[in-house]
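In the UniProt record's numbering, the protein residues as written are 1 to 350.
Step one of this worksheet: look at the structure below.
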Ligand code: NAP
Ligand code: ZN
């Protein structure tokens, strides 16, 4: 029998989030049932609640940066036991058979991966509900091990912001001495700065917010470039080996393309929408590249978490109660998050 649990969600694109009840399936043979302790607040949660990507199913219960303790395991589960510290990111299922899944790239599953929220729920029907809730039941293949030595609250954002920035840095082989730009100092950007620094790169934070400059350096940036300052942008032209672009909306690309060196790549992870037209010449002269990247596979996510355990890397967070979520959304939209909100799920349980 399914269980009714407490959650927080939105009934339509204009509504505030409020408390509601949802159903969770029983813990099946291949499942892990998790008591959620913390859940990060990703800008994608807001895009989905507001139907920015025109594919939201209501009610939306967001949350794909889930941390918790194992409550129960199915009989085929050997990797986890009751009480283990675990995480769940943006996916809860995939076909496990297509070429993408076989190459550990479940995020590109040819059948379509099942999102932690707003995905197709093949067990209960309807759509999946995310981590703004007290518990979740997830197929064992999509449950991650969280190193016990890192701060549990700060680990939550690693499940999305962490892997989404780690994966392109690794895919494009960012290494010691590379000049790496990270655009946008929010949830993703601050993890990008930490990881690029840990990989030995010379990190430049590219931001619209001069008041974040000091923090950027504390987080690991060697330089800060204010993107609105044309003179400064000129000084950095044709000098970057790699740029990670986390801007959440469509924007002018030309000023950033101009920063790339010959043969260098800028990877987009933020703007899932039309970009402003940009000049082909900016790419042609210098053989420059623009690419995209979507989260990362489960194997790569575990590698990132293990790296965080070894290097003691977590997210810089502001802990909030569940009831304060609507206010937190407003601050994320105003680029006023330092640098990830994480919900203390005890505040929903009590
Ligand atoms: P966030 O915390 O809101 O950070 C975004 C940052 O971008 C802001 O803090 C701001 O930094 C900068 N920014 C905002 N609007 C801008 C504009 N119009 N022009 C230039 N810079 C702007 O968001 P997030 O959670 O890091 O997520 C970033 C984006 O990535 C979202 O769209 C999210 O949906 C997407 N995402 C994608 C994936 C993926 O797999 N590809 C995964 C997770 C999230 P400054 O103040 O420093 O300028
Ligand atoms: Zn996310």
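Where a beta carbon is used, it is the ideal one built from N, C-alpha and C, also for glycine.
In its chain, beyond the 5 residues on either side, 47, 272 have a beta carbon closer than 7 Å to the beta carbon of residue 53. Counting of Cβ neighbours within 10 angstroms places residue 11 among the exposed residues, the total staying below 16. Taking the Cβ of residue 44 as the reference point, at least one heavy atom of the ligand ZN falls within a distance shorter than 7 Å. For residue 188, the Cβ falls inside the 7 Å cut-off from some heavy atom of the ligand NAP. With a threshold of 16 other beta carbon atoms within 10 Å, residue 64 meets it and is buried.
Put simply, of 98, 103, 326, 102 the residue whose alpha carbon is nearest the alpha carbon of residue 110 is 98.
By the Cβ-count criterion, residue 291 is exposed, with fewer than 16 other Cβ atoms from all chains shown falling within 10 Å of its own Cβ. In this structure, residue 208 has its beta carbon less than 7 Å from a heavy atom of the ligand NAP. Counting C-beta pairs with one atom in each stretch, the segment 83-93 and the segment 141-160 have three or more that are closer than 8 Å, which means they touch.
Residue 36 is positioned such that its CB atom lies closer than 8 Å to that of residue 66.
Spanning the alpha carbons of residue 32 and residue 79 requires a straight line of approximately 10 Å. Straight across, the Cα-Cα distance linking residue 261 with residue 287 is about 9 Å. Here the alpha carbons of residue 138 and residue 296 stand approximately 18 Å from one another.
At least one heavy atom of the ligand ZN falls within 7 Å of the beta-carbon of residue 90. Contact annotation, residue 71 with residue 135: C-beta distance approximately 7 Å; criterion of less than 8 Å satisfied. Closer than 7 Å to some heavy atom of the ligand ZN: that does not describe the Cβ of residue 39.
In the three-state reduction of the DSSP assignment, residue 123 falls in the coil class. When secondary structure is reduced to three states using DSSP, residue 69 falls in the strand class. The three-state reading of DSSP puts residue 109 in coil, since its state is none of H, G, I, E or B. Residue 163 and residue 114 have their C-alpha atoms spaced approximately 17 Å apart. Using a cutoff of 7 Å, the CB of residue 185 counts as near the ligand NAP, since one of the ligand's heavy atoms is closer than that.
The beta carbons of residue 41 and residue 285 sit about 41 Å from each other, so the pair does not count as a contact at 8 Å.
With a cutoff of 7 Å, residue 160 counts as near the ligand ZN, since its C-beta is closer than that to a heavy atom of the ligand. If you look at residue 23, you'll find it isn't in any alpha helix (DSSP H); it sits in the beta strand (DSSP E) that goes 18-24. Residue 306 and residue 242 have their C-alpha atoms some 24 Å from each other. Here the C-alpha atom of residue 230 lies approximately 28 Å from the C-alpha atom of residue 175. Its Cα nearest to that of residue 340, the residue 44 stands out among 44, 94, 96. In the DSSP annotation of this structure, the continuous segment of the beta strand (DSSP E) that includes residue 40 starts and ends at 31-40.
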